[in-house]
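Have a look at the structure below before the remarks.
Numbering (this note's numbering), first residue to last: 8 to 199.
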């Protein structure tokens, strides 16, 4: 993979067309974004697809039954697995606010299974890493996750991983890194 600069210029609100403008307004109002950085500038180039992604982001932000700590753990796992720097940059503070331990976050960044995982976090870690790396989970991992989450939230977790994998794909396609002037220790350890 090439490590050149971004492939897409950041869209400016004043330059958006009639299909893009209401979606951008929604992102900035409801997802509380100050700009169209990260995946949004790429997504809005395809307004029909972006509308569904924005709806899904709102669902996971406001209506999911997943514990915020476990949700953010899963997103960080996915960001680490895909080396999606912007995704990590955007969700690390949310993971901290949700109560994920700093030591856990650091071990994830280094590409290691954190020794500091709480029992529910270990179940989510095992489920998420198996699903992302192996494209499936063993019966034991499935049973543990279903026992912890119930069927609805288990499916919700799997779909969340898929949604953020889509974001990671778009970020990778566009070579989107962290915003200029922001520092991010490199995501280490996982090789693809």
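Just so it is clear, CB atoms sit at the ideal spot from N, CA and C, and this is done for glycine as well. Nothing here was measured: the structure is a model prediction, and the numbers come from that model.
Worksheet item: Buried or exposed: where does residue 180 fall if 16 or more other Cβ atoms within 10 Å of its Cβ makes it buried?
Response: Classification of residue 180: exposed, given that the 10 Å Cβ count is below 16.
Fill in: Which listed residue (79, 81, 184) has its alpha carbon closest to that of residue 91
Minimum Cα distance to residue 91 is reached at 184.
Worksheet entry | residue 163 - containing alpha helix (DSSP H), residue span | Residues 146-181.
Item to complete: Grab me the residues of residue 198's own chain with a C-beta within less than 7 Å of its C-beta, minus the 5 sequence neighbours each way, in chain order.
Response: Because residue 198 sits at a pLDDT of 38, beneath the cut-off of 50, its placement in the model cannot be relied upon, and the following sentence gives the value as read from the coordinates. So no residue of the chain qualifies.
Discussion item. Give the list of continuous alpha helix (DSSP H) stretches no shorter than 4 residues that lie fully inside the region 32-68.
Written reply: For the region 32-68, whole alpha helix (DSSP H) runs of length 4 or above, ordered along the chain, are 46-50, 54-65.
Fill in: Outcome for residue 128 when other beta-carbon atoms lying within 10 angstroms are tallied against a minimum of 16
Answer is buried; the Cβ neighbour count reaches 16.
Worksheet entry | Which of helix, strand or coil DSSP assigns to residue 79 | Helix at residue 79.
Item to complete: Quick one: using the 10 Å Cβ neighbour count with 16 as the cut-off for buried, is residue 134 buried or exposed?
Response: So residue 134 ends up on the buried side.
Fill in: Distance between residue 27 and residue 61 (C-alpha atoms, nearest Å)
Rounded to the nearest angstrom, the two C-alpha atoms are 12 Å apart.
Worksheet item: By how many angstroms is the C-alpha of residue 166 removed from the C-alpha of residue 175?
Response: Straight through space, the alpha carbons of residue 166 and residue 175 are spaced by roughly 14 Å.
Worksheet item: So residue 124 is in the alpha helix (DSSP H); what residue range does that whole segment cover?
Response: First-last for residue 124: undefined, no H or E at that position.
Item to complete: Assign residue 19 to one of three DSSP states: helix, strand, or coil.
Response: In this structure, residue 19 counts as coil in the three-state DSSP scheme.
Worksheet entry | Span of the alpha helix (DSSP H) around residue 116 | Here the alpha helix (DSSP H) through residue 116 covers 109-116.
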